[in-house]
Each structure stands twice: as C-alpha cells, then as structure tokens.
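Peer 1:
Protein chains: 2
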Amino acid sequence: MDVRALVFDVFGTVVDWRGGVAREARRLLGPAVDAPALADGWRGQYVPSMERVRSGELPWTPLDELHRSSLDEVLASLGVPGVPRPVRDELVLAWHRLDPWPDVVPGLTRLRESHVLAPLSNGNVALIVDMARRAGLPWDLVLGAEIVRHYKPDAEVYDSAPRLLALEPAQVLMVAAHVDDLAAARRRGLRTAYVHRPDEFGGRQVPPASDPDADLSVSSFEELADRLGA
Amino acid sequence: MDVRALVFDVFGTVVDWRGGVAREARRLLGPAVDAPALADGWRGQYVPSMERVRSGELPWTPLDELHRSSLDEVLASLGVPGVPRPVRDELVLAWHRLDPWPDVVPGLTRLRESHVLAPLSNGNVALIVDMARRAGLPWDLVLGAEIVRHYKPDAEVYDSAPRLLALEPAQVLMVAAHVDDLAAARRRGLRTAYVHRPDEFGGRQVPPASDPDADLSVSSFEELADRLGA
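For the record, the sequence lines run as chains A and B.
Quick note: the first sequence uses UniProt numbering, first residue 1, plus one each step.
Quick note: the second sequence uses UniProt numbering, first residue 1, plus one each step.
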C-alpha cells in the first residue's frame, strides 16, 4: 500500500459518543434522567435524520441542527418534560465535547509524522473543530459531510478526500469502527482499516472483532501506527 | 470586537512567496536563470489566471494547475528554453514549500490558544496542507477557495468562513497584507486586520504601512496577538 493520507470516521471511531453525551446529559438535566438511554435514543435518530437529507426530503442541514430537532423527540420518548430552551441548546453542544478513546491522541500523534490526517465525519465543521481543540486531536485539516453538503454513505463524501488532497483514491486510507462506512469507502476506491471499538454501544451490542474485507483490522490507533510503520 | 476565529490570506501575508519561489527556481534551474524575475513573472500571472476562472472562461481549476499553465509562459518570457517536463512539474511544487515570515509561527501559536485559526487562501487544499506541515503552521482547519470552488475576491469565499464555523460574520477576523482582500472581506461583514509586509515584493513596490479602513493595522502576527490579548 502507498498510503499518504488517513481519513477517520469520528463518532465511535475517534470518540466515545455514548459516554460523552451521557456525561453532559447528567450535568445539564440532573440525576433523575436516564442519561445512557438518552444517548442511545438520540443516536438512534442519527441515521433516520440524515436519511431525510440524503433522500432530498430536507435541504442540506448541518448535523447540529439535526441533533437539535431530534432532541425534542428523544426527551419526549423518555418522559422528560419542560427542559428549557437554553438547556436544550446547550445539550446539543454535548456532541462537541466528546472524549477520545485512550489510544487516539498517542496514535494520531505518531501517525501524523508520516501521513496527512483528517476527519471524514458526518459531524459539521464547527462541531469537529470544537472537539479537536478540546481533545487535542492533531488534524491537518477538516474534511467531511458539510464540506460537500452530502452525508455518508453518499459517494461525494469519500470522493472529496482524494480530490482535495490531490491524491489517488488508493493513496487514502479510511479508518472506521463500522463495516458499512468502510464498504462505502471501498466502493470509491479508498483503502480501509477497521478499528474494533467494543465499548461504543456500552455492551448493548458488540461489534465484530475484525472486518475481513478491510485492508487492515486493528484494536487501537497505536496498533494502526505499528502496522503502517509510523 | 467579539472575534472567535481568525482567517488568513497566505501568499505574502503568512509566507514569503518571492523568496521561496526564487530559492526553488535556483535549486531546480541553476544559477543562469534570474530566479527573482521568475518569481515576479509567475506571480504576475496569478490574478489574470484566476480571473479566467472567476469570469467563467475556465471551469473550476485548482491553483496548482493554473501555476502549471502559466509557468510555460513565464519561462518563455525569460528566455529559458528546454526545461524538461518533470522539472517544470517539480517547480510547481515550489509554491508548497514557502517559508513563513519569522513572526508567523510564534504569533499563530499564541493566537491559537484563544481563537480558531484557518487559512483563507486561493491556494488549493493540498498546497496549503503541504505548506503547513513543512512550516509547522498550527491551523485548526483549512478553509479557502477550493472548498467553495470560487476564487477571492468572490463573496462565496469570505462567506464560507462564518458559515462553516457557525459564527456571525463579525465574529471572524480576516488577516491580510493586501487592502483589496480586506475590502472584499469587509463587504461580507467580516472584521479585518492589516499586516504590513514591506518585503513581500523584494522592495520593488512598497505596501502601505497601515490600512485606515481596517479594524486593526499591525506589523507582525505577534503584535496581532498583543492587540487581541492572546
């Protein structure tokens, strides 16, 4: 492989969305609310809400706005009434304040010596920038859905990485903890690396240990750095 | 001013294009070529070549390709014949290898503590990323012409900064050594800071010491950090 750039799925792959959203929900809503259930319910709205954009039912809408819309529904389904508007607005920023898995910063720091690094997320640019500044994620640039106004798995998102980096698709390695994201990247000619994140769903569902269709399967970003000789 | 993000012109403002292009021309073409004249001639094609894209005469074309096209003309005008194609291709990469002015890295490092930092250049993304990695420019993300497929001073480029950062235009400060770039940014509601770069043109033309229409005029990025309390 002649890989020059690595692009990363973010929610689940780089950061622990479930733990971070639950932490912010506890902080903002208090102990009476089932914070992990709120995180799971909110994340459950993620794919359907983007699908409304992908299908053309909604015009381009950044993820913060989709999160803001779906939050009301999730609060209602959990029987949490009367959360004031400023608190709901603040809760949307929970997604900007997610912590990386422990191997992420050391792994990215090593990988960046030899490779261009960019997120390729459905998160909007402001969200990804806030997260990177808070967590110290050493991205070279921010790629992803909002840049091209398409959500993954639309081809436009994957195609944008080699196009903007002036590389061949096979010189770009997509890193993700989700086999469907990697399959979509492969269809656009990118190389793929699967990262096993057993705790993404808090044990409610256990992802596979490896992806036989990926070029690499690893259990951490540090192992990825080892495998790429970084 | 409630400024949250700083966006920067790059060629002339952040890096010394004339010195860097001349250095690479000497390295690749030898001492017989008038390297500063090549840099000046090449830069002279910059605005006209982008104008062909802005007017619609050419479809969207990244700056590397515009540089590649105009190089042949510049070499011919200087009476430099028979430069092999691989050397001309390599010479285009001179624009990826420009050195920052001495105050840039210390100034940006201070500014980044309190502000989001991004280039807002006509340089294509791969060029800006290569330059940043080589020079250690601590950008949070890469904004600019290629992201929106418009060249400055088109409004789309300036508008993209607050839009993608989820800020109001007046929360974004455009930093440039060129009054026309700042005037265009102001027309889109951005705040502006002028940086005096007396050596940009190697003394052939001396830019004004300050811009009375800008919110700030400074002589270095370190002074800018002082003025913004960073």
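Glycine included, each C-beta is placed from N, C-alpha and C at the ideal position.
Who are the near neighbours of residue 71/B in its chain, counting only those whose CB is closer than 8 Å to its CB and skipping five residues on each side?
Peer 2: Cβ within range, chain order: 42, 88, 91, 92.
Peer 1: At the level of alpha carbons, what is the spacing between residue 185/B and residue 129/B?
Peer 2: 23 Å
Peer 1: Could you run through the segment 47-70 of chain A and flag, in chain order, every residue whose CB is less than 8 Å away from some CB of chain B?
Peer 2: 62, 64
Peer 1: Between the Cα of residue 230/A and the Cα atoms of 13/A, 106/A, 63/A, which residue gives the shortest distance?
Peer 2: 106/A
Peer 1: DSSP beta-bridge partners for residue 119/A?
Peer 2: According to DSSP, which records beta bridges pairwise, residue 119/A is partnered with 8/A.
Peer 1: Using a Cβ-Cβ cut-off of 7 Å (strictly less than) and excluding sequence neighbours within five positions of residue 202/A, which residues of its own chain qualify?
Peer 2: 18, 36
Peer 1: What's the gap between the Cα of residue 95/B and the Cα of residue 46/A?
Peer 2: Cα to Cα, the separation comes out at about 42 Å.
Peer 1: Are the segment 140-152 of chain A and the segment 104-121 of chain A touching by the rule of at least three beta carbon pairs closer than 8 Å?
Peer 2: By the criterion of at least three beta-carbon pairs nearer than 8 Å, the segment 140-152 of chain A is in contact with the segment 104-121 of chain A.
Peer 1: Output the distance between the C-alpha atoms of residue 228/A and residue 125/B, rounded to the nearest integer angstrom.
Peer 2: 24 Å
Peer 1: Does the beta-carbon distance from residue 169/B to residue 189/B come in below 9 Å?
Peer 2: yes
Peer 1: Along the chain, where does the alpha helix (DSSP H) containing residue 77/A start, and where does it finish?
Peer 2: 63-77
Peer 1: Let me check one thing: in DSSP terms, what residues is residue 217/A bridge-paired to?
Peer 2: 194/A
Peer 1: Which runs of the alpha helix (DSSP H) at least 4 residues long sit entirely within the segment 123-155 of chain A? Give them in chain order.
Peer 2: 125-135, 145-148
Peer 1: Have a look at 171/A, 155/A, 160/A, 109/A and flag the residue whose alpha-carbon is nearest the alpha-carbon of residue 180/A.
Peer 2: 155/A
Peer 1: For residue 122/A, decide whether its Cβ has a neighbour in chain B, counting only Cβ atoms nearer than 9 Å.
Peer 2: no
Peer 1: Assign residue 22/A to one of two classes, buried (16 or more other C-beta atoms within 10 Å of its C-beta) or exposed (fewer than that).
Peer 2: buried
Peer 1: Give the interface partners of residue 125/A over in chain E, defined as CB-CB distance under 7 Å, in chain order.
Peer 2: Structure shown: chain E not included; protein chains present are A and B.
Peer 1: Counting contacts by CB-CB distance shorter than 9 Å, is residue 133/A in contact with chain B?
Peer 2: yes
Peer 1: Thinking C-alpha only, which one of 151/A, 101/A, 60/A, 31/A is nearest residue 198/A?
Peer 2: 101/A
Peer 1: Note the first and the last residue of the continuous alpha helix (DSSP H) segment covering residue 50/B.
Peer 2: 46-54
Peer 1: Report the residue from 148/A, 63/A, 80/A whose alpha carbon sits nearest the alpha carbon of residue 33/A.
Peer 2: Selected option, being the one with the closest Cα: 80/A.
Peer 1: If the criterion is Cβ atoms closer than 9 Å, does the pair residue 103/B and residue 222/B meet it?
Peer 2: yes
Peer 1: Compare the C-beta of residue 129/A against all C-beta atoms of chain B and say whether one is closer than 9 Å.
Peer 2: Nearest CB-CB separation between residue 129/A and chain B: below the 9 Å threshold.
Peer 1: Could you have a look at residue 35/B and say whether DSSP puts it in helix, strand or coil?
Peer 2: It is helical.
Peer 1: Tell me, please, which residues DSSP counts as bridged to residue 172/A.
Peer 2: 5/A.
Peer 1: Take residue 193/A as the anchor and find which of 164/A, 28/A, 163/A, 225/A has the nearest alpha-carbon.
Peer 2: 225/A
Peer 1: Return the CA-CA distance between residue 24/B and residue 10/B, expressed in angstroms with no decimal places.
Peer 2: 18 Å
Peer 1: Quick one, are the C-beta atoms of residue 177/B and residue 196/B less than 9 Å apart?
Peer 2: Yes, Cβ-Cβ distance for residue 177/B and residue 196/B is below 9 Å.
Peer 1: Is there a C-beta anywhere in chain B that falls below 9 Å from the one on residue 146/A?
Peer 2: yes
Peer 1: With which residues is residue 100/A paired in a DSSP beta bridge?
Peer 2: 15/A
Peer 1: 9 Å is my cut-off, CB to CB: does residue 116/B come that close to chain A?
Peer 2: yes
Peer 1: Report buried or exposed for residue 206/B, applying the criterion of at least 16 other Cβ atoms within 10 angstroms of its Cβ.
Peer 2: Exposed, by the Cβ-count rule.
Peer 1: Return helix, strand or coil for residue 95/A, following the three-state DSSP convention.
Peer 2: DSSP, reduced to helix, strand and coil, places residue 95/A within a helical segment of the structure shown.
Peer 1: Whose C-beta lies closer than 6 Å to the C-beta of residue 110/A among residues of the same chain, with five residues either side of it excluded?
Peer 2: If the five residues before and after residue 110/A are omitted, its C-beta is found closer than 6 Å to the C-beta atoms of 225, 230, all from its own chain and listed in chain order.
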